[in-house]
């Protein structure tokens, strides 16, 4: 298909597709004449993926490029996960965290096989440090409930990945699930909060 | 205490505290002389709260002001929740969503008492629309797992709120929990993903 059709099929403006091409996010089409390239289904799929991770997932173009390179690489899945996780996670300097909050975070994920530099471990410690600094009561039961919820979500993530047929499809799901999962959970938690509030307080 | 002590107690620079005062996020201290104000424990608490929602929660100053006004108001809790939810959620135009994605989102939260304009409902529909556009397999089992996880987290949120002694403390927990809960879950999901990946694929 021509550029115009790629645009109408995906709903992404021609200018944006050209931007993706220039930024190296989208592979070039096949030249059908010196001035005309032809695009296939894999381009449709890729344009939708880029738009999804950028517009809904909130990734920068540089971050989108990193996760797309990871999909196109032959990295083992665990390392593809690592790239996706580091790309969607804010860099946290461990020295900005107090030891007690790290210990609390480690207690919350007791028994989990997690590398000390997992971005989630540091981010959890930072949330715990903040939660306790603002003078909330002991957050341990709250953290524990969230850890159980996160473990259930991670199992669901891996089920999705296991169900895909090959390495490329699995890697794509790693990225999509990592990027969109935060947004899905945040969205559903808002709805669930309204529901539970309504059950408990009426209204 | 003087400004300098408020700064050293909270670890927030004097310039930042003055900025919070100017922006109306922090109430003025009591004037102990024409040029000197005195600050109390409630200022310590409030400075930590502002820093937490801005630096860890990622709120803008305008958004922080909105949630702090909601804490200081006498809004019923359900409405304080609404303010907090709308403040941390991106505005989504319902007309940008296709009907089918909204129906899918409603199916995921079947039986929940949720207002059609709940920001989570629209955000969930947008994630679902994106997930399906990028050619993932039927996401229903993944959405359902996330809905169960979100409901468990919302129950934990409400348990925290119920445990607080009075309206002001409950309202503060509504805001802190809403703002920090997304970050806590995202962090723990990263760690849980590494754990479950390691269990399933070794490494």
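Chains as they are written, first to last, in this note's numbering: chain A, 1 to 203; chain B, 204 to 406. For every residue, glycine included, the Cβ atom is placed at its ideal position computed from N, Cα and C.
Residue 344 of chain B CB to nearest heavy atom of the ligand NAP below 8 Å: In terms of ligand content, the structure shown is empty, and the ligand NAP therefore cannot be addressed.
Test: residue 366 of chain B CB closer than 9 Å to a CB of chain A: Residue 366 of chain B sits at position 163 when you count from the first residue of the second chain. Closer than 9 Å to the CB of residue 366 of chain B there is at least one CB belonging to chain A.
Backbone secondary structure at residue 239 of chain B - three-state DSSP: The residue labelled residue 239 of chain B in the question sits at position 36 within the second chain. Correct three-state label for residue 239 of chain B: strand.
Burial state of residue 217 of chain B, where buried means 16 or more other Cβ atoms lie within 10 Å: Position 14 of the second chain, counted from the start, is the residue given in the question as residue 217 of chain B. By the 10 Å Cβ count, residue 217 of chain B comes out exposed.
Inter-stretch contact (C-beta, 8 Å, three-pair minimum) for the region 160-180 of chain A and the region 252-267 of chain B: Of all C-beta pairs linking the region 160-180 of chain A to the region 252-267 of chain B, fewer than three are shorter than 8 Å, placing the two stretches out of contact.
Burial state of residue 199 of chain A (16 or more Cβ within 10 Å): Within the first chain, residue 199 of chain A is the residue found at index 199, counting from 1. Classified as exposed, residue 199 of chain A has fewer than 16 neighbouring CB atoms from the shown chains inside 10 Å of its CB.
CA nearest to the CA of residue 251 of chain B, picked from B/213, B/225 and B/282: The residue labelled residue 251 of chain B in the question sits at position 48 within the second chain. For residue 251 of chain B, the closest C-alpha among the options B/213, B/225 and B/282 is that of B/213.
Proximal residues of chain A, C-beta to C-beta of residue 238 of chain B below 8 Å: The residue labelled residue 238 of chain B in the question sits at position 35 within the second chain. Within chain A, no C-beta atom comes nearer than 8 Å to that of residue 238 of chain B; the closest sits roughly 30 Å away.
Neighbour list for residue 149 of chain A in chain B, Cβ cutoff strictly below 7 Å: To locate residue 149 of chain A, count along the first chain from 1; it is residue 149. Per Cβ cutoff of 7 Å: 352, 355, 356 and 388.
Among A/178, A/187, A/8 and A/151, nearest to residue 78 of chain A - alpha-carbon criterion: As a first step, residue 78 of chain A is located in the first chain; it is residue number 78 there, counting from the start. Checking every option, the nearest Cα to that of residue 78 of chain A belongs to A/178.
Host alpha helix (DSSP H) of residue 401 of chain B (start-end): Here residue 401 of chain B corresponds to residue number 198 of the second chain, with the count starting at 1. Counting along the chain, the alpha helix (DSSP H) containing residue 401 of chain B begins and ends at 370-404.
Extent of the continuous alpha helix (DSSP H) to which residue 85 of chain A belongs: The residue you call residue 85 of chain A lines up with position 85 of the first chain. Looking at the DSSP string, the run of the alpha helix (DSSP H) that includes residue 85 of chain A is 77-88.
Residue 221 of chain B: first and last residue of the uninterrupted alpha helix (DSSP H) it sits in: Looking up residue 221 of chain B in the second chain gives position 18. That run of the alpha helix (DSSP H) goes 217-225.
Proximity test, Cβ basis, 9 Å: residue 40 of chain A and chain B: Here residue 40 of chain A is taken as the residue at index 40 of the first chain, counted from 1. Chain B, which has no Cβ nearer than 9 Å to the Cβ of residue 40 of chain A, makes this no.
Beta-carbon spacing of residue 153 of chain A, residue 292 of chain B below 9 Å: Within the first chain, the letter at position 153 stands for residue 153 of chain A. Within the second chain, the letter at position 89 stands for residue 292 of chain B. No, they are not a contact pair.
Chain B contact for residue 78 of chain A (CB, 9 Å cutoff): Mapped onto the first chain, residue 78 of chain A falls at position 78. Contact of residue 78 of chain A with chain B is assigned, a C-beta pair being separated by under 9 Å.
Stretch-stretch touch, CB-based, cutoff 8 Å, three pairs: the region 374-394 of chain B with the region 117-127 of chain A: Segments in contact, yes.
Span separating the alpha-carbon of residue 129 of chain A from that of residue 201 of chain A: Taking the first residue of the first chain as position 1, residue 129 of chain A is located at position 129. Taking the first residue of the first chain as position 1, residue 201 of chain A is located at position 201. Their backbone Cα atoms lie some 30 Å apart in a straight line.
Test: residue 222 of chain B CB closer than 9 Å to a CB of chain A: Numbered from 1 along the second chain, position 19 holds the residue referred to as residue 222 of chain B. Residue contact with chain A for residue 222 of chain B: absent (no Cβ-Cβ distance below 9 Å to any residue of chain A).
N- and C-terminal bounds of the alpha helix (DSSP H) containing residue 55 of chain A: Here residue 55 of chain A is taken as the residue at index 55 of the first chain, counted from 1. For residue 55 of chain A, there is no enclosing alpha helix (DSSP H), as DSSP marks it with neither H nor E.
Where residue 290 of chain B meets chain A, residues with beta-carbon distance less than 8 Å: Along the second chain, one-based indexing puts residue 290 of chain B at 87. Think of a sphere of 8 Å around the beta carbon of residue 290 of chain B: no beta carbon from chain A falls inside it, the nearest being about 11 Å out.
Alpha carbon of residue 225 of chain B to alpha carbon of residue 231 of chain B, nearest angstrom: The residue labelled residue 225 of chain B in the question sits at position 22 within the second chain. The residue labelled residue 231 of chain B in the question sits at position 28 within the second chain. For residue 225 of chain B and residue 231 of chain B, the distance between alpha carbons rounds to 9 Å.
Residue 97 of chain A - DSSP class collapsed to helix/strand/coil: Along the first chain, read from residue 1 onward, the residue named residue 97 of chain A stands at position 97. Correct three-state label for residue 97 of chain A: coil.
Positions along the region 174-198 of chain A whose CB lies within less than 8 Å of some CB in chain B: Against chain B - using a Cβ distance shorter than 8 Å - the residues of the region 174-198 of chain A are 176, 177, 178, 180, 181, 182, 183, 184, 185, 186, 187, 188, 189, 190, 191, 192, 193, 194, 195, 196, 197 and 198.
Minimum C-alpha distance to residue 147 of chain A - residue among A/138, A/134, A/133 and A/107: By 1-based counting over the first chain, the position of residue 147 of chain A is 147. Comparing alpha-carbon positions, the option among A/138, A/134, A/133 and A/107 lying closest to residue 147 of chain A turns out to be A/107.
Cβ neighbour criterion (16 or more within 10 Å) applied to residue 361 of chain B: Within the second chain, residue 361 of chain B is the residue found at index 158, counting from 1. The residue is buried, with at least 16 neighbouring Cβ atoms inside 10 Å.
Cross-chain neighbours of residue 336 of chain B in chain A, by beta carbon under 7 Å: For this step, residue 336 of chain B is matched to residue 133 along the second chain. In chain order: 48 and 52.
Proximity to residue 50 of chain A [Cα-Cα], best of B/318, B/223, B/336 and B/363: Taking the first chain and counting its residues from 1, one reaches residue 50 of chain A at position 50. The option with the nearest alpha carbon to residue 50 of chain A is B/336.
Residue 241 of chain B versus B/317, B/283 and B/210, residue with shortest Cα-Cα distance: What you label residue 241 of chain B is simply residue 38 of the second chain in a count that begins at 1. Minimum Cα distance to residue 241 of chain B is reached at B/210.
8 Å Cβ cut-off: residues of chain A touching residue 318 of chain B: By 1-based counting over the second chain, the position of residue 318 of chain B is 115. Within chain A, the residues near residue 318 of chain B are 194.
Residue 234 of chain B in three-state terms, based on DSSP: Here residue 234 of chain B is taken as the residue at index 31 of the second chain, counted from 1. In the structure shown, residue 234 of chain B adopts extended strand secondary structure according to DSSP, grouped into three states.
Local conformation of residue 120 of chain A per DSSP, three classes: Position 120 of the first chain holds residue 120 of chain A. Correct three-state label for residue 120 of chain A: helix.
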